[in-house]
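Read top to bottom, the protein sequences are chains H and S. Reading the first sequence from the start, the letters are residues 144 to 371 in the numbering used here. Reading the second sequence from the start, the letters are residues 144 to 371 in the numbering used here. See structure below.
Protein chains: 2
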Amino acid sequence: MDGGMKHAPDVSLYLVTDSRLSLGRPVAEVVRAAAQNGVTIVQLREKDCSTRDFIALARRVREILAPLGIPLIINDRLDVALATGADGVHIGQSDMPYGNARRLLGEDAIIGLSVGTPEEARMAEMLDVDYLGVSPVFSTPTKTDTGDAWEIEGLKILRTRSRHRLVAIGGINQTNAATVMAAGADGIAVVSAICAADDPGKAARQLRAIVEKSRRRKILKGCQKKAS
Amino acid sequence: MDGGMKHAPDVSLYLVTDSRLSLGRPVAEVVRAAAQNGVTIVQLREKDCSTRDFIALARRVREILAPLGIPLIINDRLDVALATGADGVHIGQSDMPYGNARRLLGEDAIIGLSVGTPEEARMAEMLDVDYLGVSPVFSTPTKTDTGDAWEIEGLKILRTRSRHRLVAIGGINQTNAATVMAAGADGIAVVSAICAADDPGKAARQLRAIVEKSRRRKILKGCQKKAS
């Protein structure tokens, strides 16, 4: 691990890549368009490619993101993260256990963890993760290995119970992003809403604008509460 | 990386696991039987399992092998090797580049590299690998992503050109192991010949006996040459 920003990453608009959903465009091209238009953190998720190809892609994407100060997160594969100097990893419940990952990557790495149930979220309270991926917040065709959706109600409850940064993922797009933010998410993660968009850059701008508007609204609400 | 023997591993009888070929028996059970009966090094190769399951399996196998002083090698996945304290990794041409792997694992790790062509073998002469996997020496149904077989003739030529320890793999069994050793292999790697055997322990004993007999014959030949 090396490079710039590590802890307290800005998870406002979190792009998760999927080469199969990118309408035949190279992942690096989608990442570039999104990174120049408001995405704050990028996770490379490649399940069906060789280690060598994954490393090559991660290096290409890192060259795009590093000058913009946007952290690069690798899904599951610590070997790829270590070989490429990525900023961290995102692990799921069937990936490397968190403790192992932290020991191997060190204190400065960003490590995010997916939680699919209240029980998994409860266990995660004992871990020093950098954020929780609340997954899936809505049911989605992108991932089929996930359980029941949290839905807005589940996200709201989790917000009251977790000390961690919450990144909602699953079925989020321009129509529901504001609701997700209002429910207590610190950021939204998207796959299709950017990767499968006709114009990934435009999609990123729209989503980032929604996140920022929701954040201003939350701050205003907080002030009004204090003032009343 | 930690544990016992590292460099100059004994590659005489090299077991490569394949859970799909193990006739429904747990991999750890096959490994135990083989390890107690002459296998000198074990590589875990798991392509279709989660990182968490791979790590759990590697830990189980390491507990079996460590007391016997038999090194555990992980196929491709440096993350799994690092998380479990395995003795090294085996990498193919589409896995992590050798230089990256050596930097991440350190000098004491065992790193083997598959070579499928004379050109790949030529490139490997520049690398400080611990052994070459000459793959496939015969064509085999186990791996379908490999190129033409080396055959005995190719192995003989490679022996004259390579400074590395050569481990032949692909289609080796009790009927051809002696020929492979006589052609210049330092050891034989098997999958089916042990994993798919009715009695993996017995198969390991037979194969190890063949290897040792071939080795004695080679030493004898060398002495006769010197004496003549």
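We put the CB at the ideal spot given by N, CA and C, even for glycine.
DSSP state of residue i, grouped into three classes?
i, result
"Pro242/H", "Going by the sequence as given, residue 242/H is Gly instead of Pro. Helix."
"Ser155/H", "coil"
"Ile93/S", "The structure shown does not extend to residue 93/S, since chain S is modelled only from 144 through 371, so no value can be given for it."
"Gly235/H", "coil"
"Ala350/H", "The residue asked about is misnamed: residue 350/H is Leu in this sequence, not Ala. Reduced to three states, the DSSP call for Leu350/H is helix."
"Leu363/H", "helix"
"Gly330/H", "strand"
"Ile216/S", "strand"
"Leu270/S", "coil"
"Leu211/H", "helix"
"Val204/H", "helix"
"Leu166/H", "coil"
"Val310/H", "strand"
"Ser357/H", "helix"
"Asp222/H", "helix"
"Ala229/H", "coil"
"Gly181/S", "coil"
"Glu250/H", "coil"
"Gly290/S", "coil"
"Met144/S", "Since pLDDT at Met144/S reaches only 47, below the 50 mark, its modelled position is unreliable, and the value read off the structure follows with that caveat. It is coil, neither helix nor strand."
Shorter than 9 Å from the beta carbon of residue i to some beta carbon of chain S?
i, result
"Arg220/H", "yes"
"Ser162/H", "no"
Please tell me whether residue i has its Cβ less than 9 Å away from any Cβ of chain H.
i, result
"Leu247/S", "yes"
"Ala267/S", "no"
"Leu225/S", "yes"
"Thr260/S", "no"
"Met144/S", "The predicted position of Met144/S is uncertain, since its pLDDT is 47 and thus under 50; no value can be drawn from it."
"Gly147/S", "Because the pLDDT at Gly147/S is just 46, under 50, the model does not fix this residue reliably, and the point stays unresolved."
For residue i and residue j, I'd like the C-alpha separation in whole angstroms.
i, j, result
"Leu270/H", "Tyr241/H", "8 Å"
"Pro214/S", "Pro152/S", "8 Å"
"Thr227/S", "Arg168/H", "37 Å"
"Val373/S", "Ile254/H", "This structure does not reach residue 373/S, given that chain S is present from 144 up to 371, and the question cannot be answered."
"Leu301/H", "Val277/S", "54 Å"
"Glu296/H", "Ala347/H", "26 Å"
"Arg245/H", "Leu247/S", "16 Å"
"Arg360/S", "Ala352/S", "12 Å"
"Asp196/S", "Ser237/H", "7 Å"
"Ala202/S", "Ala229/S", "Sequence inspection shows Arg at residue 202/S; the Ala mentioned does not correspond to that position. Rounded to the nearest angstrom, the two C-alpha atoms are 8 Å apart."
"Ala224/S", "Ile216/S", "8 Å"
"Glu172/S", "Ala325/H", "53 Å"
"Ser354/H", "Ala199/S", "Contrary to the premise, residue 354/H reads as Val rather than Ser in this sequence. Each residue's Cα considered, the two are about 40 Å apart."
"Met239/H", "Lys356/H", "36 Å"
"Tyr274/H", "Leu156/H", "13 Å"
"Arg220/S", "Gln367/H", "53 Å"
"Val174/S", "Glu263/H", "34 Å"
"Gly365/S", "Cys192/H", "47 Å"
"Ile113/H", "Ala328/S", "With chain H covering only 144 through 371, there is no way to say anything about residue 113/H."
"Leu256/S", "Gly290/H", "40 Å"
"Glu294/H", "Ala292/S", "55 Å"
Taking the alpha helix (DSSP H) that residue i falls in, what are its first and last residues?
i, result
"Gly276/H", "Counting along the chain, Gly276/H falls outside any alpha helix (DSSP H), though it belongs to the beta strand (DSSP E) covering Tyr274 to Val277."
"Ser335/H", "Ser335 to Cys338"
"Gly297/H", "Glu294 to Arg304"
"Val170/S", "Val170 to Ala178"
"Val280/H", "Note, Val280/H: premise wrong, no alpha helix (DSSP H); not H, not E."
"Asp191/S", "From DSSP, Asp191/S is part of no alpha helix (DSSP H); its letter is neither H nor E."
"Leu325/S", "According to the sequence displayed, residue 325/S carries Ala and not Leu. Run containing Ala325/S: Ala320 to Ala325, per the alpha helix (DSSP H) assignment."
Which two residues bound the contiguous beta strand (DSSP E) that contains residue i?
i, result
"Leu187/H", "Ile184 to Leu187"
"Val258/H", "Ile253 to Val258"
Just the chain S side, please: which residues come within less than 9 Å of residue i by C-beta, in chain order?
i, result
"Ser257/H", "What Ser257/H touches in chain S: nothing, since even the nearest Cβ is about 12 Å away."
Identify the contact partners of residue i in chain S, using a Cβ-Cβ distance below 8 Å as the criterion.
i, result
"Ile198/H", "Met239, Pro240 and Asn243"
"Thr318/H", "Per Cβ cutoff of 8 Å: no residues; Thr318/H is ~33 Å from chain S at best."
For a contact meaning CB atoms closer than 7 Å, what does residue i contact in chain H?
i, result
"Leu188/S", "Here residue 188/S turns out to be Arg, not Leu, going by the sequence shown. Going along chain H, no residue has its Cβ under 7 Å from Arg188/S, so there is no contact; the nearest lies around 13 Å."
Interface residues of chain H around residue i at Cβ under 8 Å?
i, result
"Ser193/S", "Ser237 and Asp238"
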